[in-house]
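At the far end of the sequence shown sits residue 1333, using the working numbering, and the numbering has no gaps. Note that the Cβ used here is the ideal one computed from N, Cα and C, for glycine as well. What follows is a set of notes on a single structure, which appears directly below.
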Amino acid sequence: MRGLEALRGVAATAVAIFHLLALYVPLPEGVARSVILSFGWAVPFFFALSAFSLLWGYHAKVWSEEGLLRFYVRRAFRILPLFYFVLVLLVLFVYGSSITLWTSELVVNLLFMFPFFPGKHGSLVWGGWSLGVEWGFYLLFPFFALIASRQRLSLVVLLVLCILAVASRHLVASTGLHKDGYTVMNFPRNLVFFQSGVFAFVLVRHLRSRSEVATTIAFLGRHSPAILFASALLFVSRIFLPQGVLALLPLEPLVAYACVLWICLAVAGLPRILNNPLTFWLGRHSFGIYLLHPFALWQLSHHGLFAWISAHVSAAGTAFALCAFVSMLVVCAMAAVAYRFVEAPCIEIGDRLLMRRSSSRFLAGTHAVASAGQTLS
């Protein structure tokens, strides 16, 4: 669906701009800074989009051995090659420097086990923590597909995981494991966002089965700007709420609700400002944008580009916008190269392996039928 792809592109861009502000180019306190800091919620939105998209493609196929194998093979050839490629680049980059990479840490990253080791949960690959969480969801995918078969069960599980998300955030903070972002990167806390994508899938499928899609799409299409604005307030709540209130507010359930709403809007039809050839291109290259932007931002900062722009542009907002524009040009160029030479070829290899296996099984079945026929004759 073009709308989902477009939102994926918007989310990837939001994460890159969030990291630009959080790590390299500061902005003074104000609305702009608060809005951009809220872009960090784009990662949970990625989780919701992932759950919805995978259920849309595999819900009816995951119940057979062939369908389950196809799911895991395609996921592996979609995610692993670029992750390993970036990991190799990182190892080569730090080789000979004062940075020490332990063999055990490399093994943990190669096996995607880093989410289970507090302190190493961030992954050696910058931004890779979310892929560890994502693989945890892949392992549980048949369970979530089963939940998606029951509307009421899906809602109950969503409510339970909302409670778990809030509880895990407070529990991690109370045990002192909140350092290095473990509060937001731990696996239990992020399950609710995957389930929000599951619940969105249940809602869309329910509307289709009741032939209410046209009416619902028409309603969402008429009111999509207002709905998008209202739900976006959940992401930028830090603007108008005191820190004391924010600490008590169950943000995870509110963001999960917004994820459900935005996915349904994407299915119904987004405004052209969000769904256009540019956002669709960004969506197609979103994985590369997400994985490669930390390295690109670090390099641009290391070579003094951000400092040079900030020194020659007096207005902080204008300087930040210029840094963001240049950064996205570099990141998109890197993502395009990675998609052309790493992602697309590896996806094709995975599909060929699956086709070869299907052909082999078909030929084996044909030979078995022929042998049985000869025996009977």
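- prompt: Looking at the structure shown, is Ile1229 part of a helix, part of a strand, or coil, going by DSSP?
  reply: DSSP places Ile1229 outside both helix and strand once states are collapsed to three, so it counts as coil.
query: Between which two residues does the alpha helix (DSSP H) containing Trp1218 stretch?
result: Trp1218: member of the alpha helix (DSSP H) spanning 1207-1224, first to last residue.
query: Among residues of its own chain, excluding the 5 on either side of Val1325, which ones have a beta-carbon nearer than 7 Å to its beta-carbon?
result: Any answer about Val1325 is weak, because its pLDDT of 46 lies below 50 and its placement is not dependable; what the coordinates show is given next. Nothing listed; no residue qualifies.
query: Is the distance from the Cβ of Ala1104 to the Cβ of Val1018 below 8 Å?
result: Going by C-beta atoms, Ala1104 is not nearer than 8 Å to Val1018.
message: For Phe1297 and Phe1041, what's the separation of their Cα atoms in angstroms?
response: Going by the C-alpha atoms only, they are around 11 Å apart.
query: So the alpha helix (DSSP H) Tyr1028 belongs to, where does it begin and stop?
result: Start and end: 1021-1050.
query: Could you give the residue range of the alpha helix (DSSP H) that holds Val1269?
result: For Val1269, there is no enclosing alpha helix (DSSP H), as DSSP gives it neither H nor E.
task: Could you tell me which of Val1029, Ser1314, Pro1000, Thr1274 sits nearest to Tyr1014, measuring between CA atoms?
output: If we check each option's Cα against that of Tyr1014, Val1029 comes out closest.
message: Going by DSSP in three states, His1249 sits in which element: helix, strand or coil?
response: DSSP places His1249 in helix when its eight states are reduced to three.
message: Between the alpha carbons of Leu1096 and Leu1038, how many angstroms are there, rounded?
response: In this model, Leu1096 and Leu1038 are separated by some 23 Å (Cα to Cα).
query: Taking the alpha carbon of Val1140 as the point to measure from, which residue in Trp1085, Ala962, Thr1274, Val1081 has its own alpha carbon closest?
result: Looking at the Cα atoms, Trp1085 is the closest of the given residues.
field: Cβ-based burial, Arg964 [other Cβ within 10 Å; buried from 16]
entry: That one is buried.
- prompt: So, do the region 1110-1123 and the region 1142-1159 have three or more beta carbon pairs nearer to each other than 8 Å?
  reply: The answer is yes - the region 1142-1159 touches the region 1110-1123, with three or more Cβ pairs under 8 Å.
query: Which residue comes first and which comes last in the alpha helix (DSSP H) that contains Tyr1138?
result: Per DSSP, the continuous alpha helix (DSSP H) segment holding Tyr1138 begins and ends at 1138-1141.
- prompt: From Phe1251 to Trp1082, what distance separates their C-alpha atoms?
  reply: Each residue's Cα considered, the two are about 8 Å apart.
- request: Could you tell me if Glu1299 is buried or exposed, where buried requires 16 or more neighbouring beta carbons within 10 angstroms of its beta carbon?
  value: Buried.
query: What is the DSSP secondary structure of Trp1058, reduced to helix, strand or coil?
result: Reduced to three states, the DSSP call for Trp1058 is coil.
Nonlocal neighbours in the same chain, by C-beta distance under 8 Å from Leu1045, ignoring five residues either side: Counting only Cβ-Cβ distances below 8 Å, and skipping sequence neighbours, we find Phe1251.
message: Taking 6 Å as the limit between beta carbons, can you name the residues of its chain near Ala967, skipping five residues before and five after?
response: Within the same chain, Ala967 has close Cβ partners Ala998, Phe1001, Phe1002.
- request: Could you check the C-alpha separation between Lys1076 and Ala978 for me, to the nearest Å?
  value: Each residue's CA atom was taken as its position, placing Lys1076 and Ala978 some 20 Å apart.
task: Measure how close the beta-carbons of Leu1248 and Arg1026 come, nearest whole angstrom, since I'm counting them as under 8 Å.
output: Not really, about 28 Å apart at Cβ, beyond 8 Å.
query: Curious, which full-length beta strand (DSSP E) runs of at least 3 residues does the region 1070-1097 contain?
result: Segments of the beta strand (DSSP E) lying fully in the region 1070-1097: there are none.
query: Hey, out of Glu1090, Gly1023, Trp1254, whose CA is closest to Pro1071's CA?
result: Selected option, being the one with the closest Cα: Glu1090.
task: With a threshold of 16 other CB atoms inside 10 Å of the CB of Gly1137, please say whether the residue is buried or exposed.
output: Exposed.
message: Please classify Ile973 as buried or exposed, where buried requires at least 16 neighbouring CB atoms within 10 angstroms.
response: Note on Ile973: 16 or more other CB atoms within 10 angstroms of its CB, so buried under the neighbour-count rule.
task: Determine the extent of the alpha helix (DSSP H) in which Gly959 is found, giving its start and end residues.
output: That run of the alpha helix (DSSP H) goes 958-975.
message: Tell me the DSSP secondary structure of Leu983 in three-state form.
response: Taken through DSSP and simplified to helix, strand or coil, Leu983 comes out as coil.
task: List the whole-angstrom C-beta distance separating Leu1278 from Val1287, where the pair is believed to meet the contact cut-off of C-beta under 8 Å.
output: 15 Å between Cβ atoms; not a contact.
- prompt: CA-CA distance, Ser994 and Ala970?
  reply: Ser994 and Ala970 have their C-alpha atoms roughly 9 Å apart.
Local conformation of Ser1105 per DSSP, three classes: Ser1105 falls in the coil class under three-state DSSP.
field: Enclosing alpha helix (DSSP H) for Tyr1014 [first to last residue]
entry: Its alpha helix (DSSP H) spans residues 998-1014.
task: Find the nearest neighbour of Gly1244 within the set Arg1034, Ser990, His975, judged by alpha-carbon distance.
output: When only C-alpha atoms are compared, the closest one is Arg1034.
message: Relative to the C-alpha of Leu1285, which candidate in Arg1308, Pro1301, Arg1312, Leu1238 has its C-alpha closest?
response: Looking at the Cα atoms, Leu1238 is the closest of the given residues.
Rounded Cβ spacing between Phe1093 and Phe1150 (contact assumed at less than 8 Å): Phe1093 to Phe1150, Cβ: 5 Å. Contact.
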